[in-house]
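Asks: Residue numbers (the working numbering): -13 to 243.
First the structure, which I've put down as structure tokens, then a few questions once you've had a look.
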Ligand code: PEP
């Protein structure tokens, strides 16, 4: 981590937690992270729990995120949620391009780009996910895949846009598998992403962009991953469903500042 970037730890709850369970989890998490000021903490519950969770985050530093966002203001888009609908619930972040959306719901870089731009236009910060599959890593294609996804997902971004955004590097082979990238593997790709952002925007801008690592992050491996100079936080799936475990990851980020 680098002191010029505030670490960001975000929990992606995926399709877990009823509204009642979500309230219990956030109430417990509030206690776990009370008093921690130098780490940004975000929770991304399912849509059905956003309202309930937003009501108990009004007095908290924990920020609310959504797991996706559509690009249109409104319309006949069954199953989708417009940016303004999220803003109404005090949502601040929206994950876009998660590998599960790409793999199981056919989302493309062009669509991710539209979602990210709509988020930005409505004052939501996108967390733009990229990452290679295992066969791609084994074939030495990690950098090519990440470049292609970033170029497509960030097309037309201004410097202000990228500064409002967070990039999440999430190797698909590490998501939900219990097999995390080593700190060195994560650092290598994060440094590569920052270098690419430096070429696309400029090095000073790239130096300010936060790049999270995601893929089987848990309390036991968080400190090592977060100690890497270009790892500015974590996007956490499974381990974010437990207040103590997620709180310990947040504390690891603080310990690394
Ligand atoms: C994720 O869903 O973004 C993720 C990284 O999941 P997990 O931590 O469970 O691997």
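Beta carbons are placed, not taken as given, at the ideal position from N, Cα and C, and that holds for glycine.
Just so you know, these numbers come straight off a predicted model, no measurement behind them.
Using the Cα positions of residue 223 and residue 188, report the straight-line distance between them to the nearest angstrom.
Replies: 32 Å
Asks: What residue does the beta strand (DSSP E) around residue 240 start on, and which one ends it?
Replies: Run containing residue 240: none in the beta strand (DSSP E); it sits in the alpha helix (DSSP H), 229 to 241.
Asks: Grouping DSSP H, G and I as helix and E and B as strand, with all else coil, what is residue 13?
Replies: Taken through DSSP and simplified to helix, strand or coil, residue 13 comes out as helix.
Asks: Within a Cβ cutoff of 7 Å, which residues of the same chain sit near residue 68, ignoring the five residues on either side of it in sequence?
Replies: 56, 58, 59 and 60
Asks: Would you mind reading off the limits of the alpha helix (DSSP H) that contains residue 69?
Replies: 69 to 73
Asks: Please name the residue, chosen from 116, 152 and 93, that lies closest to residue 110 on a Cα-to-Cα basis.
Replies: 152
Asks: Starting from the C-beta of residue 76, find all residues in its chain whose C-beta is less than 8 Å away, skip the five residues before and the five after it, and write them out in chain order.
Replies: Taken in chain order, the residues that qualify are 40, 43, 44 and 50.
Asks: Which class does residue 179 belong to by DSSP, given the choice of helix, strand or coil?
Replies: The answer is helix: DSSP assigns residue 179 an H, G or I state.
Asks: Measuring alpha carbon to alpha carbon, tell me which residue in 32, 9 and 239 is nearest residue 2.
Replies: Closest option to residue 2, Cα to Cα, is 32.
Asks: Taking the runs of the alpha helix (DSSP H) that are 4 residues or longer, which of them lie wholly in the segment 18 to 46?
Replies: 33 to 43
Asks: Report all residues from its chain with a CB closer than 6 Å to the CB of residue 208; omit the five preceding and five following residues, and keep chain order.
Replies: Counting only Cβ-Cβ distances below 6 Å, and skipping sequence neighbours, we find 235 and 238.
Asks: Output the distance between the C-alpha atoms of residue 102 and residue 20, rounded to the nearest integer angstrom.
Replies: 31 Å
Asks: What are the boundary residues of the alpha helix (DSSP H) that includes residue 78?
Replies: From DSSP, residue 78 is part of no alpha helix (DSSP H) but of the beta strand (DSSP E) over 77 to 82.
Asks: What residues are listed by DSSP as bridge partners for residue 52?
Replies: 80
Asks: Can at least three beta-carbon pairs, one atom from the segment 9 to 25 and one from the segment 73 to 87, be found at a separation below 8 Å?
Replies: Verdict: no, contact absent.
Asks: Reducing DSSP to helix, strand and coil, say where residue 111 ends up.
Replies: strand
Asks: Would the segment 163 to 170 count as touching the segment 202 to 219 if we require 3 or more Cβ pairs under 8 Å?
Replies: yes
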